[in-house]
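See below for the structure under consideration.
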Amino acid sequence: EAGVAQSPRYKIIEKRQSVAFWCNPISGHATLYWYQQILGQGPKLLIQFQNNGVVDDSQLPKDRFSAERLKGVDSTLKIQPAKLEDSAVYLCASTPPYPGNTEAFFGQGTRLTVV
Amino acid sequence: ELKVEQNPLFLSMQEGKNYTIYCNYSTTSDRLYWYRQDPGKSLESLFVLLSNGAVKQEGRLMASLDTKARLSTLHITAAVHDLSATYFCAVGTSGSRLTFGEGTQLTVNP
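Chain order of the listed sequences is A and B. When the count follows the numbering used here, it moves up by one through the first sequence with no breaks and lands on 558 for the last residue. When the count follows the numbering used here, it moves up by one through the second sequence with no breaks and lands on 112 for the last residue.
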């Protein structure tokens with residue numbers, strides 16, 4: 444079974460530029476998450492999708508971050524404009540559709556450096 | 003707001019020794035997950051604990067959950083160098099959201 448795919452793996456941009464990350468979850472996983480992991484910290488949830496609808500985006504900085512999941516499969520996370528403090532690894536995860544099972548499977552992540 | 007606290011945050015131990023990592027959380031939940039992360043890598047699922055008193059073991063690692071005390075432990079038996087990594091606990095809440103602890107960076111020395 445293929446895992447969660449993310450691209451790119453690495454990205455370096457200047458502050459105030461924009462950037463986009465892509466995620467393809469495990470086939471059949473209805474729930475998709477974007478997490479931000481700052482160096483030395485645990486992952487923090489940015490947004491959660493159920494199919495193509497947003498379930499939780501309470502921790503998404505909506506003035507600069509946006510995400511979409513068209514057709515309930517792939518997802519894109521965008522930052523515009525980027526700030527230095529956005530430097531982090533952005534992890535995409537998905538969970539199977541079994542009731543009560545919320546074990547999340549993570550992709551390799553995109554390491555963003557804002558200079 | 004749910005808080006998840008791990009301790010210790012840094013752990014240096016010798017091969018062959020035993021140790022326990024603790025994960026305390028501040029709100030009711032009966033879903034607790036342990037993940038491993040190697041440097042520069044993503045998170046690998048280790049254990050899924052879904053009920054009070056749940057205990058799971060895999061190799062030299064054993065995880066347990068006490069929902070009444072809001073405490074999970076990850077016990078390491080006879081540590082080996084290959085266990086060196088950062089270990090995260092994560093608490094599941096409504097809507098299948100996970101809240102992670104800060105992580106415990108484990109170094110096993112020969």
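The C-beta atom is built at its ideal place from N, Cα and C for all residues, glycine as well.
Closest Cα partner of residue i within the set the options
i	options	result
serine 530(A)	Tyr453(A), Gln449(A) and Val447(A)	Tyr453(A)
valine 110(B)	Met15(B), Asn9(B) and Leu4(B)	Met15(B)
alanine 445(A)	Pro451(A), Gly471(A) and Gln460(A)	Gly471(A)
serine 44(B)	Val498(A), Tyr533(A) and Asp499(A)	Tyr533(A)
serine 28(B)	Val82(B), Thr69(B) and Asn20(B)	Thr69(B)
threonine 556(A)	Pro451(A), Ile456(A) and Asn495(A)	Ile456(A)
leucine 73(B)	Glu17(B), Ser31(B), Gly18(B) and Glu3(B)	Ser31(B)
glutamate 546(A)	Thr88(B), Trp36(B) and Val57(B)	Trp36(B)
arginine 81(B)	Gly61(B), Cys25(B), Arg99(B) and Ala92(B)	Looking at the sequence provided, one finds alanine at residue 81(B) rather than arginine. Taking only the C-alpha atoms, the option nearest alanine 81(B) is Gly61(B).
serine 537(A)	Ile481(A), Trp477(A) and Val462(A)	Trp477(A)
As assigned by DSSP and simplified to three states, the class of residue i
i	result
leucine 503(A)	coil
histidine 77(B)	strand
lysine 19(B)	coil
glutamate 46(B)	strand
lysine 514(A)	helix
glutamate 60(B)	strand
aspartate 68(B)	strand
leucine 100(B)	strand
leucine 52(B)	coil
DSSP beta-bridge partners of residue i
i	result
valine 497(A)	Phe492(A)
lysine 487(A)	Gln479(A)
isoleucine 522(A)	Val462(A) and Phe508(A)
glutamate 7(B)	Asn26(B)
Any non-hydrogen atom of the ligand ATP within 7 Å of residue i CB
i	result
glutamine 523(A)	This structure simply doesn't include the ligand ATP, nor any ligand for that matter.
Contact belief for residue i with residue j at Cβ below 8 Å, rounded distance in angstroms
i	j	result
glutamine 386(A)	glutamine 449(A)	Lying before the first or after the last residue shown, residue 386(A) is absent from chain A, which here runs from 444 to 558.
lysine 521(A)	serine 509(A)	5 Å
alanine 473(A)	proline 540(A)	5 Å
glycine 485(A)	glycine 103(B)	6 Å
phenylalanine 492(A)	leucine 475(A)	5 Å
Using a beta-carbon distance cut-off of less than 9 Å, what residues from the segment 533 to 557 of chain A approach chain B?
Leu534, Ala536, Thr538, Gly543, Asn544, Thr545, Glu546, Ala547, Phe548, Phe549, Gly550, Gln551, Gly552 and Arg554
Below 8 Å between beta carbons is the criterion; list the residues of the segment 49 to 77 of chain B that meet it against any residue of chain A, in chain order.
Val50 and Leu52
Identify each residue in the segment 470 to 494 of chain A for which the Cβ-Cβ distance to at least one residue of chain B is less than 7 Å, and report them in chain order.
Thr474, Gln484, Gly485, Pro486, Leu488 and Gln491
Identify each residue in the segment 495 to 515 of chain A for which the Cβ-Cβ distance to at least one residue of chain B is less than 7 Å, and report them in chain order.
Val498 and Asp499
Contact list for the segment 77 to 105 of chain B against chain A, Cβ threshold 7 Å:
Phe90, Gly94, Gly97, Ser98, Arg99, Leu100, Phe102, Gly103, Glu104 and Gly105
Check each residue of the segment 28 to 47 of chain B: if its Cβ is closer than 7 Å to any Cβ of chain A, include it; give the result in chain order.
Arg33, Tyr35, Ser44, Leu45 and Ser47
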